[in-house]
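Note that the protein sequences, when read in sequence, are chains A and B. Here our numbering is used: the first sequence runs in plain steps of one and ends on residue 365. Here our numbering is used: the second sequence runs in plain steps of one and ends on residue 538. The structure appears right after this line, and notes come after that.
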Amino acid sequence: MLDVDIKGQVGALALTARFKSEGGVTSLFGQSGAGKTSLTNMIAGLIRPISGRITVNGTTLFDADKNINLAVQARRIGHVFQDARLFPHMSVRSNLTYARWAGRRKTTRSMDEVVQLLGLQPLLSRKPATLSGGERQRVAIGRALLSDPRLLIMDEPLANLDQARRNDILPYLDRLCAEAGIPILYVSHSIEEVARLSQTLVILSDGQTPAYGPVAEMLARTDLGKATGRHEAGALLEGTVCHTDSEWGLTHIDIGGATIQIPDLGAAPGEPIRLRIRARDVALATEAPKGLSIRNRLEGTIRSISEESGPYAEILCSVGEQTIRARITRASVADLGLEVGKKVTVLIKSVAIDKRQRAPVPG
Amino acid sequence: MDFLTLQPAEWQALLLTLKVAAAALLVALPLAVVVAYGLARYRFPGHGVVNALVHLPLVLPPVVTGYVLLLAFGRNGPVGSVLRETFGITFAFNWTGAALAAGVMAFPLMVRPIRLSFEAVDPKLEDAARSLGALRLVSFLTVTLPLALPGILGGAILGFAKAMGEFGATITFVSNIPGETRTLALALYTATQSPSGDVAAFRLTIIATIVAFGALIASELLARRLRKRLGGADA
Chain A
3 MLDVDIKGQV GALALTARFK SEGGVTSLFG QSGAGKTSLT NMIAGLIRPI
53 SGRITVNGTT LFDADKNINL AVQARRIGHV FQDARLFPHM SVRSNLTYAR
103 WAGRRKTTRS MDEVVQLLGL QPLLSRKPAT LSGGERQRVA IGRALLSDPR
153 LLIMDEPLAN LDQARRNDIL PYLDRLCAEA GIPILYVSHS IEEVARLSQT
203 LVILSDGQTP AYGPVAEMLA RTDLGKATGR HEAGALLEGT VCHTDSEWGL
253 THIDIGGATI QIPDLGAAPG EPIRLRIRAR DVALATEAPK GLSIRNRLEG
303 TIRSISEESG PYAEILCSVG EQTIRARITR ASVADLGLEV GKKVTVLIKS
353 VAIDKRQRAP VPG
Chain B
304 MDFLTLQPAE WQALLLTLKV AAAALLVALP LAVVVAYGLA RYRFPGHGVV
354 NALVHLPLVL PPVVTGYVLL LAFGRNGPVG SVLRETFGIT FAFNWTGAAL
404 AAGVMAFPLM VRPIRLSFEA VDPKLEDAAR SLGALRLVSF LTVTLPLALP
454 GILGGAILGF AKAMGEFGAT ITFVSNIPGE TRTLALALYT ATQSPSGDVA
504 AFRLTIIATI VAFGALIASE LLARRLRKRL GGADA
């Protein structure tokens with residue numbers, strides 16, 4: 003669906019990007035300055051790559067060898083910019099319909115549907131200057147959706163918002179990603195957003211794409227430490243809500259052969275759910291501990307241990323079908339005699355899994 | 304009450320001035336918009352030369368500009384003769400010549416504020432417009448141009464004022480012919496050259512002041528409405 007293989011030069015940054023994605027939400031993840039915006043601008047047609055190919059849904063947008071380079075307006079890529087870029091002299095309504103009256107795009111999606119999806123009804127007659135940052139981004143997303151895009155690029159749509167605004171807009175993004183029905187390229191430097199929203203993860207580091215693949219698989223890889231960021235590293239679990247214990251305010255999640263208890267999130271039984279378990283929130287024990295407050299004790303098997311020169315070790319454990327990542331000290335690895343294949347008890351504090359670590363499973 | 308009624312010669316000068324200034328504005332403003340946009344958005348070889356050429360009438364003595372116009376656009380000038388033979392347009396000793404002189408002199412005064420207002424519009428907005436399917440020209444017409452309107456209005460007013468008051472280049476190029484090239488400024492000059500022209504000069508001064516004042520107020524009202532429409536974009 004999305005097939006990118008390009009080389010380019012933007013200022014001092016040499017960019018070599020190569021990845022494929024089978025649709026759904028593809029996250030482009032990397033630190034600031036890694037070249038994320040340069041890469042999306044090349045896909046959108048705002049910067050010309052030096053060589054290579056860009057194909058979306060079977061349509062070639064750029065091919066240096068065949069001398070194909072579609073103009074921005076001919077690419078049909080909905081581009082949601084980090085700074086929204088709403089037209090300040092137009093009402094929200096005129097912004098939303100711009101692609102129709104100025105771009106001559108026929109929209110397959112109805113205005114009502116998009117207004118409904120993003121909760122834009124009360125904003126329609128307002129001017130961009132009177133909107134909050136989160137509202138602006140929602141309008142920008144709606145505007146891009148109404149341009150009949152074959153690909154939606156979202157370039158860090160939450161980067162300029164504070165945490166409260168992000169939490170406002172994230173549920174809309176969840177719905178959008180699940181219901182949009184078009185491939186989305188989601189650019190972010192937040193592993194939280196990436197884990198929450200995407201199916202495919204492309205890692206971008208210093209202008210290179212060292213790895214890409216299914217998001218859970220990528221997050222479980224310990225060799226990408228530098229690119230994915232150590233402190234926030236963690237694994238992604240997919241599960242189903244069993245029931246909520248209202249007396250203690252805990253929701254039980256079935257992750258396939260094991261149950262995890264997390265603070266109540268008001269989800270209905272049977273609902274699929276995604277949990278991101280940060281490696282630093284996971285402890286390991288070689289025998290079942292007694293007198294311990296940690297509620298989540300899962301039986302697992304060590305799959306790999308990677309030690310670095312510093313004090314830390316990254317351990318991957320198989321729990322049923324899924325993988326949990328633990329970050330412990332090298333000293334503990336030595337003291338406990340941990341090795342690949344050893345059975346361990348994986349301990350996760352329920353309270354470590356807060357609102358930001360869980361989300362509905364993207365469609 | 305006689306004092307309050309305009310005499311035929313005064314009417315003639317006033318209407319001619321408005322006609323000359325309006326014609327100058329009508330032709331020069333679109334050109335100024337294009338040149339200002341080019342200077343604001345593109346770096347091309349000769350950028351500096353174009354910029355200098357545009358500003359030349361501002362720094363040259365107006366008489367020099369008028370004389371250059373006379374050489375180029377006169378009956379036998381290289382441009383003037385071609386225009387006369389192929390299009391039947393004559394500038395020399397014609398009101399159109401006065402308009403040309405006024406337009407040339409007003410040009411730099413229009414380009415400057417318009418260019419500044421284009422530079423103040425984020426070029427990334429045009430990228431956004433194009434990503435929504437708009438052609439380059441459409442994105443300019445629907446996004447950049449409306450956002451630059453306050454500056455364009457400012458340039459137009461400056462240009463109109465300059466065109467109304469143009470003197471040196473006009474009298475050098477097209478002389479001082481009543482009913483054809485004698486605008487308010489030239490009529491006023493003529494009056495001051497006559498021993499009994501004090502009253503006439505005074506009346507022309509008042510007329511010129513009233514017209515200028517009216518134009519300023521009208522432009523201020525227009526600018527206010529524009530700012531409102533632009534939704535406080537530059538507030």
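Glycine included, C-beta positions come from ideal geometry on N, C-alpha and C. Bear in mind that the values here come from a model prediction, so they are computed numbers and not experimental data.
Closest Cβ-Cβ distance between residue i and chain A: below 7 Å?
i: Glu433 of chain B; result: Looking at the sequence provided, one finds Arg at residue 433 of chain B rather than Glu. With 7 Å as the cut-off, Arg433 of chain B counts as an interface residue toward chain A.
i: Ala437 of chain B; result: yes
i: Pro426 of chain B; result: no
i: Val336 of chain B; result: no
i: Pro311 of chain B; result: no
i: Leu318 of chain B; result: no
i: Thr445 of chain B; result: yes
i: Tyr340 of chain B; result: no
i: Val407 of chain B; result: no
i: Ala536 of chain B; result: Bear in mind that the predicted position of Ala536 of chain B carries a pLDDT of just 43, short of 50, making it too unreliable to give a figure here.
i: Val553 of chain B; result: Outside the shown range of chain B, which is 304 to 538, sits residue 553 of chain B, and nothing can be said about it.
i: Leu525 of chain B; result: no
i: Ala402 of chain B; result: no
i: Met304 of chain B; result: With a pLDDT of only 49 at Met304 of chain B, under the threshold of 50, the placement of this residue in the model should not be trusted; the figure read from the coordinates follows. Not an interface residue.
i: Val385 of chain B; result: no
i: Val441 of chain B; result: yes
Give a yes or no on whether 7 Å exceeds the smallest Cβ distance from residue i to chain B.
i: Ala287 of chain A; result: no
i: Leu48 of chain A; result: yes
i: Lys22 of chain A; result: no
i: Arg87 of chain A; result: yes
i: Gln139 of chain A; result: no
i: Ala161 of chain A; result: no
i: Tyr100 of chain A; result: yes
i: Ser96 of chain A; result: no
i: Ala180 of chain A; result: no
i: Arg168 of chain A; result: no
Along chain A, which residues have their Cβ under 9 Å away from the Cβ of residue i?
i: Arg532 of chain B; result: His91
Quick check on the DSSP output: the beta strand (DSSP E) that includes residue i runs from which residue to which?
i: Pro173 of chain A; result: Run containing Pro173 of chain A: none in the beta strand (DSSP E); it sits in the alpha helix (DSSP H), 165-181.
i: Pro381 of chain B; result: First-last for Pro381 of chain B: 381-390, but that is the alpha helix (DSSP H), not the beta strand (DSSP E).
i: Ile326 of chain A; result: 324-331
i: Met413 of chain B; result: Met413 of chain B -> not in any beta strand (DSSP E); alpha helix (DSSP H) instead, spanning 398-423.
i: Asn298 of chain A; result: 298-309
i: Asp150 of chain A; result: Asp150 of chain A -> no beta strand (DSSP E), and no H or E assigned at all.
Starting from the beta carbon of residue i, find every residue of chain B whose beta carbon is closer than 7 Å, and list them in chain order.
i: Ile79 of chain A; result: Ser434
i: Ser112 of chain A; result: The premise fails here: Ser112 of chain A is roughly 17 Å from chain B at the closest Cβ pair, so nothing lies under 7 Å.
i: Gln75 of chain A; result: Arg433, Gly436, Ala437, Leu438
i: Ala66 of chain A; result: Neighbours of Ala66 of chain A on chain B: none; closest Cβ ~21 Å, over 7 Å.
Is the separation between the beta-carbon of residue i and that of residue j shorter than 7 Å?
i: Pro416 of chain B; j: Gly457 of chain B; result: yes
i: Phe376 of chain B; j: Phe394 of chain B; result: yes
i: Leu238 of chain A; j: Arg198 of chain A; result: no
i: Phe421 of chain B; j: Tyr340 of chain B; result: yes
i: Ile186 of chain A; j: Leu154 of chain A; result: yes
i: Ala101 of chain A; j: Ala142 of chain A; result: no
i: Ile205 of chain A; j: Leu178 of chain A; result: no
i: Asp150 of chain A; j: Thr109 of chain A; result: yes
i: Pro216 of chain A; j: Thr242 of chain A; result: no
i: Ala451 of chain B; j: Val424 of chain B; result: yes
i: Gly272 of chain A; j: Gly322 of chain A; result: no
i: Leu555 of chain B; j: Ala404 of chain B; result: A query on residue 555 of chain B cannot be resolved here, the shown segment of chain B reaching from 304 to 538 and no further.
i: Ser29 of chain A; j: Tyr188 of chain A; result: yes
i: Thr368 of chain B; j: Thr486 of chain B; result: no
Please report the residue range of the alpha helix (DSSP H) in which residue i lies.
i: Ser522 of chain B; result: 501-532
i: Leu428 of chain B; result: 427-434
i: His358 of chain B; result: 350-362
Just checking residue i against the ligand PLP - is the residue's beta carbon closer than 6 Å to any of the ligand's heavy atoms?
i: Pro360 of chain B; result: Ligands are entirely absent from the displayed structure, and the ligand PLP is therefore not among its contents.
Residue i versus chain B: which residues are under 9 Å apart at the beta carbon?
i: Phe83 of chain A; result: Lys427, Asp430, Ala431, Ser434
i: Arg107 of chain A; result: Leu435, Gly436
i: Arg145 of chain A; result: Ala431, Leu435
Residues of chain A with CB under 7 Å from residue i, in chain order?
i: Pro333 of chain B; result: The contacting residues do not exist; Pro333 of chain B stays about 21 Å from chain A at best.
i: Pro449 of chain B; result: His91
Residues of chain B with a CB under 8 Å from the CB of residue i: which are they?
i: Ser149 of chain A; result: Ser434, Leu435, Gly436
i: Ala104 of chain A; result: Ala432, Leu435, Gly436, Ala437, Val441, Ser442, Thr445
Tell me which residues of the stretch 451-483 of chain B have at least one Cβ-Cβ distance to chain A shorter than 9 Å, keeping chain order. Leu452
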